[in-house]
Amino acid sequence: MEIEIVAIGNELLLGETVDTNSAAVARRLAEIGGRVVRVTMVGDDPERMAVVLREVRGRARWAIAMGGLGPTGDDRTRQVVAEVLGRPLVLDEEQLEIVKEKFRRFGYDEMPASNVSQAMVPRGARAVANPHGTAPGLVIEEEGFTLFVLPGVPKEMEALLEDAVLPALIEAAGKGAPVVESRVVHTVGIGESALAEKLEDLVESADPLEVAFLPRTGQVDVRLTAAGLPAEEAGARLTALAEAIAGRARPWFWGYDDTTLAEAIGETLRARGWVLAVAESCTAGLLGGEITTVPGSSEWFAGGVLAYSDEVKTSLLGIAGEDLAAYGAVSEETCRAMAAGARKVIGADVGCAITGIAGPGGGSEEKPVGLVFCGVATPEGAEVRRLTYPGSREDIRRRSVLTAMGMLLRACRGEGGAS
1 MEIEIVAIGN
11 ELLLGETVDT
21 NSAAVARRLA
31 EIGGRVVRVT
41 MVGDDPERMA
51 VVLREVRGRA
61 RWAIAMGGLG
71 PTGDDRTRQV
81 VAEVLGRPLV
91 LDEEQLEIVK
101 EKFRRFGYDE
111 MPASNVSQAM
121 VPRGARAVAN
131 PHGTAPGLVI
141 EEEGFTLFVL
151 PGVPKEMEAL
161 LEDAVLPALI
171 EAAGKGAPVV
181 ESRVVHTVGI
191 GESALAEKLE
201 DLVESADPLE
211 VAFLPRTGQV
221 DVRLTAAGLP
231 AEEAGARLTA
241 LAEAIAGRAR
251 PWFWGYDDTT
261 LAEAIGETLR
271 ARGWVLAVAE
281 SCTAGLLGGE
291 ITTVPGSSEW
301 FAGGVLAYSD
311 EVKTSLLGIA
321 GEDLAAYGAV
331 SEETCRAMAA
341 GARKVIGADV
351 GCAITGIAGP
361 GGGSEEKPVG
371 LVFCGVATPE
381 GAEVRRLTYP
391 GSREDIRRRS
401 VLTAMGMLLR
411 ACRGEGGAS
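Quick note, the sequence shown lines up with residues 1 to 419 if you use our numbering.
Laid out in structure tokens, this is it:
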């Protein structure tokens, strides 16, 4: 089942708003066997909207248009849809009462007159009440073409996607239809090309599955997709290939699908019966913040020291002043001492430390901006890595956190040293 999306709004074209809706729709459609084959972005100009919608109507069986259902003058989607489909707008009295009731619940004595427009629907369209807003969704069916029109506000769009779009598509597809399923294998600490080389034979023999490498900052995801296969066969093939990739990429692999790196670290610490503490300088708490995104992390995370200054490194982490003077705050020796100090001061089994120069100033020829040391100390030993990252201050800090987390996971598995 192939679906087209039309994302509507000047704010999308101006870059003021990122189109997260299309990605959310594509993910949900894939889960029920649908596939988004085209996403078209268009502004609020009625003529351009009409051109796009006519093109979509001429080639697609199913389409979803999102945005432009508000009550203001620049919300023109209803009018353009009505024009393109040759269906005049008519007042839906039931929807009008629903909108009025929402305003009463909001504490208004009267509904603004402009909101009447939100109860106007193309003749023959089915309006679907919006549980989170005043603009109903629309379902318009023709011979060989169905158009779903949804609000652009993400929370409202997602609710109507679940209430109106997915049930209709599932019913149309019927039971036992081929599906589109996917799995994602997550890695950290290895580049895209290096990972692709290690997986080359697995990728070449993956057919009929599709394999895509998705690099992100400090990470590479491998997405596996099964299209057009019976559900049971798709699931079996995806699981087998995902496990083979995870095994081949073991030093860098940290989880599947919705698992986060912090969750993987937590599970490993819990399995070992270890508790973690962190010491951070240039990342200023980002590592601890990422770790504690996991509910219940207090079971295996004790706390951290934000040691931005040399004085704090000395007074709280116990690093000798003469060592700081000899090696500098950004050095292998200081990072190793920070990780050990976090373990000792907080009374944890594992210490993880980051120190570096995130810029844009503060660098030198010997120690340039982007130089970072990440270290881990466990009951089984310690490891420190020296890295130099390009990019902005935030890029450097983010990459540093991911590197430290990857090292931490491997060290807790007893697999330290992968690079």
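Positions of the beta carbon are idealized from the N, C-alpha and C atoms, including for glycine.
Asked, Found
"In chain order, each alpha helix (DSSP H) run of at least 4 residues that lies wholly inside the segment 163–222", "166–173, 192–198, 200–204"
"Nearest-angstrom Cα separation, counted from alanine 320 out to alanine 326", "10 Å"
"CB contact flag (proline 368, threonine 355, <8 Å)", "no"
"Chain-order list of residues whose beta-carbon lies under 6 Å from that of arginine 250 (same chain, five-residue window excluded)", "none"
"Cβ-Cβ distance between tryptophan 300 and leucine 261 below 8 Å", "no"
"Reference alanine 159; option with closest CA among Ile265, Leu402, Met66, Glu142", "Met66"
"Exposure label - arginine 105; buried when at least 16 CB within 10 Å", "exposed"
"Contact set for leucine 306: own chain, Cβ-Cβ below 7 Å, skip 5 residues either direction", "Glu280, Ala284, Gly285"
"Sheet register partners of proline 46 (DSSP bridge)", "BP columns for proline 46 are empty, so no partner."
"Contacts around glycine 361, its chain only, beta-carbon distance under 8 Å, and the 5 residues preceding and following it disregarded", "Val369"
"Other residues of its chain near arginine 413: CB distance less than 8 Å, five sequence neighbours each side excluded", "Thr268"
"Supposed close pair aspartate 257, valine 153 - CB separation, criterion 8 Å", "The pair is not a contact, with the Cβ atoms about 27 Å apart (cut-off 8 Å)."
"Beta bridge counterpart(s) of arginine 385 as assigned by DSSP", "Cys374"
"Opposing strand residues paired with arginine 405 [DSSP bridges]", "In the sequence under discussion, the amino acid at residue 405 is methionine, which differs from the arginine named in the question. DSSP, once it has assigned bridges, lists no residue as partnering methionine 405."
"Start-to-end residues for the beta strand (DSSP E) that takes in tyrosine 256", "253–256"
"Any C-beta of chain C under 8 Å from that of glycine 255", "Absent from the structure is chain C; it holds one protein chain and no more."
"C-beta contact flag for phenylalanine 145 and glycine 137 at 8 Å", "no"
"Short Cβ contact (8 Å threshold) for glutamate 36 with valine 51", "Checking the displayed sequence, the identity of residue 36 turns out to be valine instead of glutamate. Contact: no."
"Length of the line joining the Cα atoms of glycine 68 and proline 131", "18 Å"
"Residues near glycine 473 by beta carbon distance below 6 Å, same chain, minus five either side", "There is no way to answer for residue 473, as the model of the chain reaches only from 1 to 419."
"Closest by C-alpha distance to glycine 70, when choosing among Glu210, Gln79, Asp19, Gly124", "Gln79"
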